[in-house]
């Protein structure tokens, strides 16, 4: 499945090492992931989200803060792929972060009798390390979403959740009849936090998305109150957003300590490969 990021030829596994026919080799990390992000493709020394934000995201998802979103994504996959006759169902999360979406959705699909082989990549090395340690049934790699290390038309569903994407790359890797599911913040996402921080908060804009070679088969708006099971989960939500880090420490902590409702609001688009 994995392809060499240097020459785009398939990688074959030999123990803990993966090699292509041109003898480029990549060793698995102790947690099981591959680093397929060549240094020349990095835009900084440590690209992607930092450890604090990633650990906060893991804590928040452990509390099932966005579970309704994960359930809706799963239902779309089931609805649009159950009748398809693919020998293998490859599910890929492009920008997988700490792996929660991929792990939860793979488990939910299995409960619906859909055996998905789950793959994920992220540009942040620490994110992929966390994911690989937690979700042992999934395959993870450090890689750029603009250069996915997989073969042409090898994926049946690609997820892009709050992450940058590349339409031409999705057109390359998604098989005929396969799906690309994109999730973006809705107009009122985390609106109460914005109101507490800014004098004149602005709603998220719902911009049109163009995907050449794909049909838009569904577009949903999903909004729900976030249920905080404990104070740590509330703090985790704050720390995984950019708003928290723009505040003085005392004001940031006052937001964590305040007891107010927070709205999750999403726009979900499902594109099908022509």
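Residue numbers (this note's numbering): 10 to 283.
Here a beta-carbon is modelled for each residue, glycine too, at the ideal position from N, C-alpha and C.
In this structure, how does DSSP classify residue 63 when only helix, strand and coil are distinguished? Here residue 63 refers to the residue found at position 54 when the chain shown is read from its first residue. Helix at residue 63.
Cβ contact (3+ pairs, closer than 8 Å) linking the stretch 64 to 81 and the stretch 28 to 37: When Cβ pairs closer than 8 Å are counted between the two stretches, the stretch 64 to 81 is seen not to touch the stretch 28 to 37, the count staying below three.
Would you mind giving the Cβ-Cβ distance between residue 82 and residue 235, rounded to the nearest angstrom? I have them listed as a contact below 8 Å. Here residue 82 corresponds to residue number 73 of the chain shown, with the count starting at 1. Here residue 235 corresponds to residue number 226 of the chain shown, with the count starting at 1. Actually they do not touch by this definition, with Cβ atoms about 17 Å apart.
Could you tell me the boundaries of the beta strand (DSSP E) in which residue 282 lies? For the purposes of this step, residue 282 is taken as residue 273 along the chain shown, with counting starting at 1. In this chain, the beta strand (DSSP E) harbouring residue 282 covers 272 to 282.
Using beta-carbon positions only, say whether residue 183 and residue 167 come within less than 8 Å of one another. Within the chain shown, the letter at position 174 stands for residue 183. Within the chain shown, the letter at position 158 stands for residue 167. Yes; because the gap between Cβ atoms is below 8 Å, this pair is in contact.
Minimum C-alpha distance to residue 100 - residue among 196, 165 and 223: Reading the chain shown from its first residue, position 91 is the one you call residue 100. Out of 196, 165 and 223, 165 has the C-alpha closest to the C-alpha of residue 100.
May I ask you to verify whether the stretch 94 to 108 touches the stretch 172 to 192, counting CB pairs closer than 8 Å and requiring at least 3? Enough Cβ pairs lie closer than 8 Å, so yes.
Through-space distance from residue 202 to residue 257, alpha-carbon basis: Position 248 of the chain shown, counted from the start, is the residue given in the question as residue 257. Position 193 of the chain shown, counted from the start, is the residue given in the question as residue 202. Cα to Cα, the separation comes out at about 15 Å.
For residue 237, the three-state DSSP class (helix, strand or coil): Residue numbering aside, residue 237 sits at position 228 when the chain shown is read from its first letter. Three-state DSSP puts residue 237 in coil, outside helix and strand.
Could you tell me the boundaries of the beta strand (DSSP E) in which residue 72 lies? For this step, residue 72 is matched to residue 63 along the chain shown. No beta strand (DSSP E) holds residue 72; DSSP gives it neither H nor E.
Here's a check: name, in chain order, each residue in its chain whose Cβ is nearer than 7 Å to the Cβ of residue 144, leaving out the five neighbours to either side. What you label residue 144 is simply residue 135 of the chain shown in a count that begins at 1. Residues of the same chain with a CB within less than 7 Å of the CB of residue 144, apart from the 5 flanking positions on each side, are 108, 111 and 112 in chain order.
State the Cα-Cα distance for the pair residue 224 and residue 246, rounded to the nearest angstrom. Here residue 224 is taken as the residue at index 215 of the chain shown, counted from 1. Here residue 246 is taken as the residue at index 237 of the chain shown, counted from 1. Separation of residue 224 and residue 246 (C-alpha to C-alpha, rounded to the nearest whole angstrom) is 34 Å.
N-terminal and C-terminal residue of the beta strand (DSSP E) that residue 135 is part of: Translated into the one-based positions of the chain shown, residue 135 becomes position 126. It is not in any beta strand (DSSP E) - residue 135 instead sits in the alpha helix (DSSP H) that spans 134 to 143.
Residue 45 to residue 58, Cα distance in whole Å? In the chain shown, counting from the first residue as 1, residue 45 sits at position 36. In the chain shown, counting from the first residue as 1, residue 58 sits at position 49. C-alpha separation (whole angstroms): 18 Å.
Are the stretch 191 to 205 and the stretch 247 to 254 in contact at 8 Å, needing three or more beta carbon pairs? Short answer: they touch.
Check each candidate in 187, 219, 261 and 206 and name the one with the smallest Cα separation from residue 85. The sequence position of residue 85 within the chain shown is 76, counting from 1. The shortest CA-to-CA distance from residue 85 to any of 187, 219, 261 and 206 is the one to 187.
Residue 66 classed as buried or exposed, judged by whether at least 16 other C-beta atoms fall within 10 angstroms: For the purposes of this step, residue 66 is taken as residue 57 along the chain shown, with counting starting at 1. Label assigned to residue 66: buried.
Using DSSP with H/G/I as helix, E/B as strand and the rest coil, what is residue 187? As a working note, residue 187 is residue 178 in the chain shown. Three-state result, residue 187: strand.
Starting from the Cα of residue 129, find the closest Cα among 120, 152, 242 and 118 and give me that residue. Position 120 of the chain shown holds residue 129. Considering only alpha carbons, the answer is 152.
Secondary structure, alpha helix (DSSP H): runs of 4+ residues fully inside the stretch 155 to 204: Fully enclosed alpha helix (DSSP H) runs of 4 or longer: 176 to 182.
How would you label residue 248, buried or exposed, when you count the other beta carbons within 10 angstroms and need 16 or more for buried? Start at 1 with the first residue of the chain shown, and residue 248 comes out as number 239. Under this definition residue 248 is a buried residue.
Take the Cβ of residue 135 as the centre, count every other Cβ of all protein chains shown within 10 Å, and call the residue buried at 16 or more, exposed below. Position 126 of the chain shown, counted from the first residue, corresponds to residue 135. Around the CB of residue 135, 16 or more other CB atoms lie within 10 Å, so the residue is classed as buried.
Alpha helix (DSSP H) segment containing residue 254, residue limits: Mapped onto the chain shown, residue 254 falls at position 245. Element bounds for residue 254: 251 to 254.
Report the three-state DSSP secondary structure of residue 101 (helix, strand or coil). Looking up residue 101 in the chain shown gives position 92. Reduced to three states, the DSSP call for residue 101 is strand.
Which whole-angstrom value describes the C-beta separation of residue 12 and residue 160, a residue pair presumed to lie in contact below a C-beta threshold of 8 Å? Working through the chain shown from its first residue, we reach residue 12 at position 3. Working through the chain shown from its first residue, we reach residue 160 at position 151. Between residue 12 and residue 160 the beta-carbon gap is near 6 Å, inside 8 Å, which marks them as a contact.
CA-to-CA distance, residue 26 to residue 215, given in whole angstroms: As a first step, residue 215 is located in the chain shown; it is residue number 206 there, counting from the start. As a first step, residue 26 is located in the chain shown; it is residue number 17 there, counting from the start. Cα to Cα, residue 215 sits roughly 44 Å from residue 26.
Mind reading off the beta-carbon distance from residue 194 to residue 131? Whole number of angstroms is fine, and I expect it under 8 Å. Indexing the chain shown from 1 puts residue 194 at position 185. Indexing the chain shown from 1 puts residue 131 at position 122. Wrong, their Cβ atoms sit about 19 Å apart, outside the cutoff.
Whose CA, out of 138, 178 and 115, lies closest to the CA of residue 127? Residue 127 sits at position 118 when you count from the first residue of the chain shown. Here the closest residue by C-alpha is 115.
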